[in-house]
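Chemist: Quick one: this structure, given as structure tokens, is what I'll be asking you about.
Below, the structure is given as structure tokens:
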């Protein structure tokens, strides 16, 4: 169910003549339907998540050098069959895209519950690094909930792993011992060395599942919003207030918003949603974004040394991202 993905651009006839003799045959493809000559310009990996040909990958895998989505992408299966794929949608806030190929009854992968991952768990990265062919590497979960990666994505909740990942692995799966998807290999830190140094980042399966479902159904992502903005309390502040580390201070409440209507105020400290604690403001923000408009969440908070509960109805995030 792991595939190779190549993006291509149509070469105008005058360029074909100019480049004749300088291009390797493996760099070009003639479209069987249009007769157009196309040159491969991008390489990545992906995973089939539905037997009807739905494939997930990274958005950057199907982006062109001019920062537009590729009009043409090809997906190669493990049996070497290659299909022209349609890009159904992409999300620039999470770097996730979904493609569709015209084939059915395909083997597909299952998602695991990435919330059950623990640091030290053994994981396997599968993909097509540097175009050499499908490769499996192994490692462990080095850290969870990484959001300070510097890549500029609005929603970051990365799994950090030391499983070797290189160019071409992007979009491929990070899997567990049962072969289930627990993440999507997305990027590496190289310290300027140009290769893997044991710091790779993968998007967690639970986030992929929500985003991919929306993209497949509507071509865009619908995110939950309650109108809260916050920041992490320090360990010292949590200890002073006798709160669990990860509690969030509300720094702003949008007006009007569901949070305002529920009575939440700037200065309140959120400790749980629906009875579940979280690790940071980033964790809380992502949890709310996964909720569907119309859902009601129960927020536990502290105000003036008194714990309270309030119910908030989630709405669609304005102008999503």
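In our numbering, the protein residues as written are 65 to 385. Note that beta-carbon positions come from the ideal geometry of N, C-alpha and C, so glycine has one too.
(1) Can you tell me which of the three DSSP states residue 67 falls into?
(2) Since residue 252 and residue 269 should fall inside the 8 Å C-beta cutoff, what is the C-beta to C-beta distance between them, to a whole number of angstroms?
(3) Output the boundary residues of the beta strand (DSSP E) element that contains residue 122.
(4) Less than 7 Å between the beta carbons of residue 125 and residue 234, yes or no?
(5) Determine the extent of the beta strand (DSSP E) in which residue 373 is found, giving its start and end residues.
(6) List the endpoints of the continuous alpha helix (DSSP H) containing residue 367.
(7) Drop a sphere of 10 angstroms on the beta-carbon of residue 194, count the other beta-carbons inside from all chains shown, and report buried for 16 or more, exposed for fewer.
(8) Among 333, 296 and 271, which residue has its Cα nearest to the Cα of residue 386?
(9) May I ask which residues mark the beginning and end of the alpha helix (DSSP H) holding residue 346?
(10) Just verifying my parser: in three-state terms, what is the DSSP assignment at residue 177?
(11) Compare the C-alpha of residue 138 against each of 187, 150 and 178 and name the closest.
(12) Please classify residue 299: does DSSP put it in a helix, a strand, or coil?
(13) Around the Cβ of residue 250, are there at least 16 other Cβ atoms within 10 angstroms (buried) or fewer (exposed)?
(14) Between which two residues does the alpha helix (DSSP H) holding residue 270 run?
(15) Roughly how many whole angstroms lie between the Cα atoms of residue 347 and residue 181?
(16) Near residue 102, what residues of its chain come up, given a Cβ to Cβ distance below 8 Å and the 5 sequence neighbours on each side ignored?
(17) With DSSP as the reference, label residue 251 as helix, strand or coil.
(18) Is the beta carbon of residue 108 sitting closer than 7 Å to the one on residue 98?
(19) Report buried or exposed for residue 197, applying the criterion of at least 16 other Cβ atoms within 10 angstroms of its Cβ.
(20) Look at the alpha carbon of residue 159 and the alpha carbon of residue 337, and state the distance between them as a whole number of angstroms.
(21) When the Cα of residue 209 is compared with those of 352, 219 and 171, which residue comes out closest?
(22) Could you spell out where the beta strand (DSSP E) holding residue 220 opens and where it closes?
(23) Which one of 140, 278, 295 and 297 has the shortest CA to CA distance from residue 288?
(24) Going straight from the alpha carbon of residue 385 to that of residue 238, what length do you get?
(25) For a quick check, are the C-beta atoms of residue 183 and residue 227 less than 7 Å apart?
(26) For residue 293, collect the residues of the same chain with a Cβ closer than 8 Å to its Cβ; drop the 5 residues on either side in sequence, then sort them by chain order.
(27) Under three-state DSSP, which class holds residue 106?
(28) Which ranges would you report for the beta strand (DSSP E) in the region 127-212 if only whole runs of at least 3 residues count?
(29) Please report the distance separating the alpha-carbon of residue 201 from that of residue 179.
(30) Could you pull the DSSP bridge partners for residue 334 from this structure?
(31) What do you get for residue 169, buried or exposed, if any count of 16 or more other CB atoms within 10 angstroms of its CB means buried?
(32) Could you tell me the distance, in whole angstroms, from the CA atom of residue 442 to the CA atom of residue 364?
Modeler: Let's see:
(1) strand
(2) At roughly 19 Å, the Cβ-Cβ gap does not stay under 8 Å, so residue 252 and residue 269 are not in contact.
(3) 118-122
(4) yes
(5) 370-377
(6) First-last for residue 367: 360-367, but that is the beta strand (DSSP E), not the alpha helix (DSSP H).
(7) exposed
(8) This structure does not reach residue 386, given that the chain is present from 65 up to 385, and the question cannot be answered.
(9) 345-353
(10) coil
(11) 150
(12) helix
(13) buried
(14) 269-282
(15) 15 Å
(16) 72, 73, 74, 75, 92, 93, 94, 95 and 136
(17) strand
(18) no
(19) exposed
(20) 26 Å
(21) 219
(22) Unbroken run through residue 220: none, as it is neither H nor E.
(23) 278
(24) Because the pLDDT of residue 385 is 48, which lies under 50, any placement of that residue in the model is unreliable, and the question is left without a value.
(25) no
(26) 314, 315, 316, 317 and 318
(27) strand
(28) 136-140, 146-155, 160-164, 186-191 and 199-210
(29) 22 Å
(30) 312 and 365
(31) exposed
(32) Residue 442 lies beyond the range of the chain shown here (65 to 385); nothing can be said about it.
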